[in-house]
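To start, the structure under review is shown below, and the notes come after it.
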Amino acid sequence: MTAIAALKNALLAEIPSLRAFAISLSGNGDKADDLVQETLMKAWAAHASFAEGSNLRAWLFTIMRNTYFSQYRKARREVQDVDGEAAARLVSHPEQQGHLDLADFRIALDQLSADQREALILIGASGFSYEEAAEICGCAVGTVKSRVNRARQRLMQLLAVDSADEFGPDVAPLWGKTPALNDS
Amino acid sequence: MSQDDKKPLDGTGAVRQPIQSHLGDQLKRYFSSIVSEPVPDRFANLLDELEKRERSAAKQGPEARE
């Protein structure tokens, strides 16, 4: 296989993960796919700077998050109201106990700051180490740790988890009775 | 289990392990639900186009590349 074909195949294989990261970051399908496209184009143009044998996904995620934070973040603020409405819907269904579907989780995730969401996704979903995540984000390991911790606390508030008891091995009701969005 | 053990945050302010695990599971389910979505054709088309361009540039003169 030629180097070009190998590059193409390697990038193709990363697209599902890139899309998941893009959607997590930007919270918007069309914008997310634009972000994936831009990341692929930049990666293609810069592939000579990719160190053979290093982590391709980490390299691509770095390109993507830098692109997102330099260009897309401002645009995202314009749609924050939509997120607010979605959060209001989440609060208006306290009877929905014992079950939290992915759409609701998604709404809660979108309420996090972009920094916190990014750190949580890198560590909790993408399987990167704290060291790798710090490198991707261009910040200190301690910063990643504190962002992840704050992200968890915030999610817990948003999802109204009142007690560690609710997640004991034999306890049925998973979610608290009073969803709280008190510091939003 | 003492009352303190039932609080969602431990003494250091970290989210307790059972809640962390549950949030982690939700997060992984959320992420993998996107990963398993079908990929839009536009990305394969884009990479085909980039490959084609690179190959035709190479044909015009390998020394011009890199």
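Going down the list, the protein sequences come from chains A and X. Under the working numbering, read the first sequence as residues 227 to 410, first letter to last. Under the working numbering, read the second sequence as residues 2 to 67, first letter to last. Every residue gets a Cβ at the ideal spot worked out from N, C-alpha and C, and that includes glycine. Given the structure is predicted, the values throughout are model-derived calculations rather than measurements.
| query | Candidates X:13, X:34, X:9: which alpha carbon is nearest residue 22 (chain X)'s? | reply | X:9
| field | Range covered by the alpha helix (DSSP H) that runs through residue 255 (chain A) | value | 255 to 272
| DSSP-derived helix/strand/coil call for residue 10 (chain X) | strand
| request: Leaving aside the five residues before and after residue 245 (chain A) along the sequence, list all residues of the same chain whose C-beta is less than 8 Å from its C-beta, in chain order. | output: 258, 259, 262
| query | When burial is assigned at 16 or more other CB atoms within 10 Å of the CB, is residue 336 (chain A) buried or exposed? | reply | buried
| said: According to DSSP, simplified to helix, strand and coil, what is residue 16 (chain X)? | reply: strand
| Beta-carbon separation (whole angstroms), residue 378 (chain A) vs residue 345 (chain A), contact threshold 8 Å | Rounded, the Cβ-Cβ distance is 10 Å, inconsistent with contact.
| Cβ pair residue 11 (chain X), residue 17 (chain X) closer than 9 Å | yes
| task | Evaluate contact between the stretch 361 to 370 of chain A and the stretch 34 to 52 of chain X, counting only Cβ atoms and requiring at least three cross-stretch pairs below 8 Å. | result | no
| task | Using a Cβ-Cβ cut-off of 9 Å, state whether residue 340 (chain A) counts as contacting chain X. | result | no
| query | In chain order, which alpha helix (DSSP H) runs of at least 4 residues are fully inside the stretch 339 to 379 of chain A? | reply | 340 to 346, 356 to 363
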